[in-house]
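Colleague:
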Amino acid sequence: MIEQANDNDITYFAETNFRNERRRFGIKRDDRRRHFYVVGKTGMGKTAMLFNMIIQDIQRGEGVAVVDPHGELVEDLLDFIPPKRINDVIYLNPSDLEYPIAFNILESVDDEYKHLVSSGLMGVFTKIWANMWSARMEYILNNCILALLDSPGNTLLGINRLLVDKEYRKKIVSKIKDPVVKAFWVEEYANYNERFRTEAIAPIQNKVGQFLSSAVIRNIVGQSKSTIDMREIMDNRKILILNLSKGRIGEDNSALLGAMMITKIQLAAMSRVDIPESERKDFYLYVDEFQNFATESFADILSEARKYRLNLIMAHQYIAQLTSVSGGGRVTKVKDAVFGNVGTIAMFRIGAPDAEELIKEFEPYFVEEDLVNLTKYHIYLRLMIDGVASKPFSATTLPPTKIESKGAREKVVQVSRERYANRKSEVEEKIMRWSGLEEMMETSAKEAKLEGDEAIYRANYVTKQMAVKAKDDEHREQEGETGKKEATEISSEKAGKTTAVCDNCGKAVNIKFKPDNKRNVFCKECLKKFKSGEIDADKLLKRNLAQEEVKDDGVIYPQTIKNISQAVGNVSKDRGDNQKVAPGQVVTLE
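Mapped onto the UniProt record's numbering, the consecutive letters of the sequence shown carry residue numbers 1 to 590.
1. Taking only three categories from DSSP, how would you classify residue 44?
2. Give the straight-line distance between the Cα atoms of residue 218 and residue 93, rounded to the nearest whole angstrom.
3. Work out the CA separation of residue 364 and residue 388 for me, nearest whole Å.
4. Who are the near neighbours of residue 386 in its chain, counting only those whose CB is closer than 8 Å to its CB and skipping five residues on each side?
5. Work out the CA separation of residue 435 and residue 272 for me, nearest whole Å.
6. Going by beta carbon distance, what residues of the same chain come within less than 6 Å of residue 302, once the five residues before and after it are set aside?
7. Between which two residues does the alpha helix (DSSP H) harbouring residue 120 extend?
8. Taking the alpha-carbon of residue 70 as reference, which of 247, 432, 134 has the nearest alpha-carbon?
9. If you follow the alpha helix (DSSP H) that residue 138 is in, where does it begin and where does it stop?
10. Would you decide whether residue 14 is buried or exposed? Buried here means 16 or more other CB atoms lie within 10 Å of its CB.
11. What is the C-beta distance between residue 258 and residue 292, in whole angstroms, given that I count them as a contact (C-beta under 8 Å)?
12. With burial defined as no fewer than 16 other Cβ atoms inside 10 Å of the residue's Cβ, what is the status of residue 264: buried or exposed?
13. In or out: residue 196 buried (at least 16 other Cβ within 10 Å) or exposed?
14. In its own chain, which residues sit with a C-beta less than 7 Å from the C-beta of residue 307, not counting the 5 before and 5 after it?
15. Leaving out five residues on either side along the sequence, give the residues of the same chain with a beta carbon under 8 Å from the beta carbon of residue 635.
16. What span of residues does the beta strand (DSSP E) with residue 25 cover, start to end?
17. Taking the continuous alpha helix (DSSP H) assigned at residue 132, which residues delimit it?
18. Is residue 18 buried or exposed, if buried means 16 or more other CB atoms sit within 10 Å of its CB?
19. Looking at the structure shown, is residue 79 part of a helix, part of a strand, or coil, going by DSSP?
20. From the DSSP output, read off the bridge partner residues of residue 378.
21. Tell whether a beta-carbon distance below 9 Å holds between residue 289 and residue 57.
22. With distances taken from CA atoms, which of 222, 317, 237, 231 is nearest residue 63?
23. Nearest to residue 379 by alpha carbon, out of 103, 319, 431, 37?
24. Decide if residue 44 is buried, meaning its Cβ has at least 16 other Cβ atoms within 10 Å, or exposed.
25. Just to confirm my understanding: we take residue 186, look at its own chain, exclude 5 residues before and 5 after, and list those with CB closer than 7 Å. What are they?
26. According to DSSP, simplified to helix, strand and coil, what is residue 511?
27. Give the straight-line distance between the Cα atoms of residue 158 and residue 116, rounded to the nearest whole angstrom.
28. Based on Cα-Cα distance, which residue from 413, 296, 163 lies nearest to residue 331?
29. Please report the distance separating the alpha-carbon of residue 206 from that of residue 139.
30. Check each candidate in 123, 74, 119 and name the one with the smallest Cα separation from residue 598.
31. Rounded to whole angstroms, what is the Cα-Cα separation between residue 347 and residue 146?
32. Grouping DSSP H, G and I as helix and E and B as strand, with all else coil, what is residue 630?
33. What residue range is occupied by the uninterrupted alpha helix (DSSP H) comprising residue 13?
34. Taking the CB atoms as reference points, tell me whether residue 154 and residue 224 lie closer together than 9 Å.
35. Closest by CA to residue 612, which one among 60, 49, 418, 100?
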């Protein structure tokens with residue numbers, strides 16, 4: 001691929017086509033430090049040009065990071081990794097659900113860089129949720145992030161928990177060092193009334209919760225200890241490959257994760273301030289479709305990355321992607337940073353609106369019609385040569401790299417998993433333990449066990465009662481008619497009545513008292529006869545009954561009994577044997 005040893009500091013990507021004179025050319029190492037910008041319509045050959053440049057960097061042993069929101073570019077790269085560089089590859093693929101790599105953007109951030117982490121996250125949140133973003137939402141979320149940065153071991157999962165969990169919030173606030181941030185939580189947020197607080201935090205819970213509720217993202221950003229160290233990757237010239245395929249993890253998740261990675265790379269680059277500039281090794285960051293990650297913090301990278309040897313190669317489709325809407329107007333900070341800091345501009349075919357913008361960079365050598373009529377793999381460019389921008393010229397990009405595929409994809413994935421990934425089950429267990437769900441589940445299990453024991457006890461009790469009842473039924477059946485009679489008597493007694501026999505005619509009747517041989521019993525017919533005088537009183541009294549009052553229920557209640565026989569004799573003497581005692585008549589006993 002590289003023909004001469006002294007060409008190692010040149011990266012080839014095109015050949016001249018002026019008057020059919022073909023000469024391959026590239027860009028020097030020092031000129032790449034001023035960044036490389038590629039723009040053009042889809043399908044024109046941008047990705048193929050980036051692929052050729054990446055392969056050269058990998059073969060030369062350079063440090064490389066590739067951010068691909070489609071996935072095809074990085075998957076092709078895996079097959080061309082040289083055997084000697086397989087151990088240098090960190091392959092982050094969020095769709096590899098069983099082996100998530102740990103990446104915690106809040107981990108080990110120096111005090112002077114905490115505001116950069118916060119602003120980087122706020123920038124990507126603002127970009128993605130622009131339609132519902134508000135100043136209050138930004139204010140609260142920014143204080144959440146700064147509070148979590150002051151408390152080691154926290155992740156982005158702590159945002160929603162900090163807003164609603166009083167005990168967790170108390171723990172975090174006690175560790176806050178920044179007096180302004182602490183004052184917000186102690187004096188302001190704590191004094192919000194319930195209604196205002198609910199309204200204020202609902203949008204944050206909705207959007208951040210939506211991002212973190214996905215297991216794909218949660219298992220990556222929810223691990224407190226990162227398995228990848230950006231500073232170590234840059235200083236040791238390793239290869240970081242980010243497969244952020246939108247089709248597999250979603251557009252918002254891809255943008256958020258990519259922006260966080262780029263922010264972490266920026267922080268790692270800026271931390272190189274502790275070593276002399278001459279000792280800082282070049283690190284090349286390739287970002288395809290970079291408008292997905294073009295936040296305002298990205299503009300800061302363009303402005304400051306060169307001195308830290310972080311060299312950007314950016315590709316996208318049209319210039320309007322670099323602007324955003326905020327406060328009713330368009331924000332052009334990223335666009336201004338690109339055209340104000342980029343050294344080399346390579347342009348494939350573009351649309352008329354972009355031609356109006358870019359013609360300023362290419363006139364008087366080209367006109368707008370030239371810019372919109374380029375064929376595939378043809379470019380116009382202004383190349384940085386020894387720190388000076390060249391005159392615009394045309395060129396043709398190189399065909400795909402003519403090297404044999406190493407078939408290293410499976411080996412790269414396996415090595416990357418072993419070194420940088422954790423098993424899904426282990427990660428989810430740690431997250432549950434952190435969130436307190438483990439204790440809740442144990443408590444629920446204990447309660448369920450107690451409920452189960454109680455249910456078993458109740459079932460046994462019911463079984464025993466059924467057995468007792470069955471024995472009783474069997475016993476009653478064995479008793480025959482006696483048992484039936486007892487059952488009938490018990491049933492009648494429960495109903496408030498007793499079965500007896502009329503003392504006059506012997507007919508069975510129901511009475512409200514138990515026969516005691518002191519009160520006489522009549523059926524309805526005999527009771528009528530007694531009232532009408534058809535039943536002889538002497539015969540009744542001879543049955544040891546005394547009459548005081550006869551009621552409708554057939555009962556005669558005695559008033560006084562001195563001597564029943566003597567009383568009957570006296571009555572007979574005074575009134576005669578034929579005289580009868582009328583119903584209700586009072587008999588004087590002497």
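Ideal Cβ placement from N, Cα and C applies to all residues, glycine included. Keep in mind it's a predicted model, so treat the numbers as computed, not measured.
Modeller: Here's the rundown:
1. In the structure shown, residue 44 sits in coil (DSSP, three-state: anything other than H, G, I, E or B).
2. The C-alpha of residue 93 is placed about 14 Å away from the C-alpha of residue 218.
3. Whole-angstrom Cα-Cα distance: 18 Å.
4. Here residue 386 has 28, 30, 31 as same chain residues with Cβ atoms under 8 Å from its own Cβ, once five neighbours each way along the sequence are excluded.
5. If I take the Cα positions, the gap works out to 35 Å.
6. Within the same chain, Cβ atoms closer than 6 Å to the Cβ of residue 302 are found at 337, 341, the five residues on either side in sequence being excluded.
7. 114 to 128 is the span of the alpha helix (DSSP H), which, as asked, contains residue 120.
8. Selected option, being the one with the closest Cα: 247.
9. Taken as a continuous stretch (DSSP letters only), the alpha helix (DSSP H) holding residue 138 covers 135 to 149.
10. Result: buried.
11. The beta carbons of residue 258 and residue 292 sit about 6 Å from each other, so the pair counts as a contact at 8 Å.
12. Buried, by the Cβ-count rule.
13. Classification for residue 196: exposed.
14. By the criterion of a C-beta distance shorter than 7 Å, residue 307 is surrounded in its chain by 277, once the five residues flanking it on both sides are discounted.
15. No information on residue 635 is available, as it lies outside the stretch 1 to 590 that the chain covers here.
16. Per DSSP, the unbroken beta strand (DSSP E) holding residue 25 starts and ends at 24 to 28.
17. Careful: residue 132 lies outside any alpha helix (DSSP H) and carries neither H nor E.
18. Exposed, by the Cβ-count rule.
19. When secondary structure is reduced to three states using DSSP, residue 79 falls in the coil class, being assigned neither helix nor strand.
20. Residue pairing of residue 378 in beta bridges, as defined by DSSP: 396.
21. No. Outside cutoff.
22. Minimum Cα-Cα distance from residue 63 among the listed residues 222, 317, 237, 231 corresponds to 237.
23. Ranking the options by Cα distance to residue 379, first place goes to 37.
24. Buried.
25. A distance below 7 Å between beta-carbons, with the five flanking residues on each side excluded, links residue 186 to the following residues of its chain, in chain order: 173.
26. Here residue 511 sits in strand by DSSP.
27. Between residue 158 and residue 116, the C-alpha separation is close to 19 Å.
28. Looking only at 413, 296, 163, the smallest Cα-Cα distance to residue 331 is reached by 296.
29. One C-alpha to the other measures close to 16 Å.
30. Nothing can be reported for residue 598, as the shown portion of the chain is limited to 1 through 590.
31. Rounded to whole angstroms, residue 347 to residue 146 spans 41 Å at the Cα level.
32. The displayed coordinates of the chain run from 1 to 590. Any statement about residue 630 would go beyond what the structure contains.
33. No alpha helix (DSSP H) contains residue 13, which is instead part of the beta strand (DSSP E) from 10 to 16.
34. Yes. Within cutoff.
35. Absent from the structure is residue 612, since the part of the chain shown begins at 1 and ends at 590.
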